[in-house]
Every structure is written in C-alpha cells, then in structure tokens.
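Notes follow once the structure below has been shown.
Numbering (mature numbering (1 follows the signal peptide of the UniProt record, and there is no 0)), first residue to last: -27 to -1, 1 to 241.
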C-alpha cells in the first residue's frame, strides 16, 4: 500500500510538473508571437462577416472588431497588427492584395482561404434553392476542384507567405461543419446537410495537408464548433439570412470568440 501510494504521489507530481511546463511553453510561445508583428490574412471567416461591428474604413471587406484576429490583437498587443482579411477573397486575391504587410519582422500570420476558390457561395445557393440531386452534384464539382486544383493554389499562396515572412509562425485555420445532424430542424434536407458537412471535412483535409507540407500549423475549428452547428439550438453560425444574405453560413460573434479565437490562440 505504501509503495502504491508513493507511486501515485510521484505520478501526480510528474503530471503536475508536465502540465505546468506545457502551460509555460504555451505562454512563452504566445509571448514570442506577440513580440513581433501579426498579420491577419484570408477571407470572410477571418474578416468577421456575420459578426457585425464592422470597421467603417474596411468597406466591402467587412472587417469586424469581433473577428478573431481583432480580438487576439486586443488581448496580446503585438508590436504591430495588420488586419488584411477581406470578404470574398480567393487564394489569388490574398496573394495579390493582402501580403504587402508581411516582412522579415512579422512573427505571426493567420489565414483562412480556399472556400471561395471552391465556389462556396454558389454551392450554398444551389443547395438552398434547388433539389437534393442538384445540391449533391454541385458539391461533387466543388470536391473535384478541391482535389485537383486547390492544392496548387494553396501551395502558391503559402509559398508567397513564407517568402515574405521567413520567420513567422503561420497558422492556417479551416472551416467548421455547418450542421448538427439527426435533429428536427427547418430548412435543408438531411441529405443536403450531410453532404455539406462532408464537403467541409473534405476541404479541411486538403488545407491541412498543404499547410503541414509547408511547415505551417493547422487550426481545426470543427472541434470548438461541435455542439454549436446550425440545428443545435445553440448555433454559432448563421443559417440562411434573407435580410442580410451575405451573413448566411458565417460565424456569429460568438462563433468568432468561442470557435475561432481559442483555436488560433492555442496554436500561436
């Protein structure tokens, strides 16, 4: 019994020490990231479409003070902050219009990109307005693009980011699943919902593979959004919003602060 208790005590102490070191390492990493400049790149999921409180000067880019890059900047005060993400941006748009703030002194970069390349808006419009078969056909077309064309687009973008910010920690963040399945919920059929979720998994897998190949970190928001999808009763995503159609299928302010921000923070 004494040996068992001693073993248990030693194990507990080692676990506590390990957790302490992990926490210290995480804090040190965040401190290091904050010491240099932070540049936020990407599409509407990074600009904060759907979260309201848009910065007037951002115009159609719809950058929100409730978006995760803005929230991280407010909490960590990096030496500089460039909020360049823009609604509707493709990988080519990010590369052409958003990389000017990157430099050798940039220590942290976040980016969401790829959904618009694959036709996100058209996929969702088709699935909302047309039949199950039309929805599935459009999703299959998008998945073929993700399989055959998107990897090259991501490689070009990621290579450009690394060339301009050679020392930066780059966090590539994916997209959430939209629906909690198996629920009684108005709107799309279960067939459409399942196919849309599968498409989200498909593009996240592709993005993660290319991010990892470039030595970047992939942030998976499907974990934090779990239980907060549309049809969950506690959704962090807008469903179809006929009054402001651009908000549809984008994170709410709670989705930015509770879904995206923790994933980004944990990977900085």
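Where is the CB? At the ideal position from N, CA and C, for every residue including glycine.
Pair within 7 Å by beta-carbon distance, residue 63 and residue 95: In this structure, residue 63 keeps its C-beta atom at 7 Å or more from the C-beta atom of residue 95.
Do you know how far the Cα of residue 220 is from the Cα of residue 229? Going by C-alpha positions, residue 229 is about 13 Å away from residue 220.
Outcome for residue 317 when other beta-carbon atoms lying within 10 angstroms are tallied against a minimum of 16: Residue 317 lies beyond the residue range present for the chain, which begins at -27 and ends at 241; the question has no answer from this structure.
Neighbourhood of residue -4 by C-beta distance below 6 Å, restricted to the same chain and skipping five residues each side: Here residue -4 scores only 45 on pLDDT, less than 50, and its place in the model should not be relied on; the value that follows carries that caveat. Cβ neighbours of residue -4 beyond the five flanking positions: none.
Within the same chain, show all residues whose beta-carbon is closer than 6 Å to that of residue 136, passing over the 5 residues directly before and after it, in chain order. Taken in chain order, the list of residues that qualify is empty.
Please classify residue 240: is it buried, with 16 or more other beta-carbons within 10 angstroms of its beta-carbon, or exposed? The residue in question, residue 240, is buried, as its Cβ has 16 or more Cβ neighbours within 10 Å.
Counting only the same chain and skipping the five closest in sequence on each side, list residues whose C-beta sits under 7 Å from that of residue 165. Around residue 165: 100, 105 and 108.
Buried or exposed: residue 157, going by 16 or more other Cβ atoms within 10 Å of its Cβ? Residue 157 comes out exposed.
So if DSSP puts residue 37 in a beta bridge, which residue, or which two residues, is it bridged to? For residue 37, which the question treats as bridged, DSSP gives the partners 27.
Quick check on DSSP: helix, strand or coil for residue 13? Strand.
Step through the CB atoms of chain D and report whether any lies within less than 7 Å of the CB of residue 232. In the structure shown, chain D does not exist; there is a single protein chain.
So is the beta-carbon of residue 52 under 6 Å away from any non-hydrogen atom of the ligand FAD? Absence of the ligand FAD is noted for the structure shown, with no ligands found whatsoever.
Using DSSP with H/G/I as helix, E/B as strand and the rest coil, what is residue -23? Because the pLDDT of residue -23 is 44, which lies under 50, any placement of that residue in the model is unreliable, and the number read from its coordinates should be weighed accordingly. The answer is helix: DSSP assigns residue -23 an H, G or I state.
Which residue comes first and which comes last in the alpha helix (DSSP H) that contains residue 142? Counting along the chain, residue 142 falls outside any alpha helix (DSSP H), though it belongs to the beta strand (DSSP E) covering 142 to 146.
Which residues in the same chain as residue 209 place their Cβ atom closer than 7 Å to its Cβ, once the five residues preceding and following it in sequence are excluded? Here residue 209 has 198, 201, 224, 225, 227, 228, 231 and 232 as same chain residues with Cβ atoms under 7 Å from its own Cβ, once five neighbours each way along the sequence are excluded.
What residue from 120, 161, 84 and 133 has the CA that sits closest to residue 102's CA? Minimum Cα distance to residue 102 is reached at 161.
Cβ shell of residue 92 (< 6 Å), same chain only, five flanking positions each side left out: Same-chain partners within the cutoff: 115.
Cβ distance (whole Å) where residue 234 is taken to contact residue 183 below 8 Å: Incorrect: roughly 24 Å between the Cβ atoms, too far for contact.
Can you tell me where the beta strand (DSSP E) holding residue 55 begins and where it ends? First-last of the beta strand (DSSP E) with residue 55: 53 to 56.
Does the contact criterion of 3 or more C-beta pairs under 8 Å hold for the stretch 29 to 46 versus the stretch 58 to 74? Result yes; three or more Cβ-Cβ pairs closer than 8 Å.
So, helix, strand or coil for residue 76, using DSSP? When DSSP states are grouped into helix, strand and coil, residue 76 belongs to the coil group.
Going by other Cβ atoms of all chains shown within 10 Å of its Cβ, with 16 needed for buried, is residue 117 buried or exposed? So residue 117 ends up on the exposed side.
Hey, quick one: how far does the beta strand (DSSP E) through residue 189 stretch, first residue to last? Following the DSSP letters along the chain, one finds residue 189 in no beta strand (DSSP E), marked with neither H nor E.
Got a sec, what are the start and stop residues for the alpha helix (DSSP H) residue 94 sits in? In this chain, the alpha helix (DSSP H) harbouring residue 94 covers 93 to 102.
Are residue 85 and residue 146 closer than 7 Å when you measure CB to CB? Closer than 7 Å, so yes.
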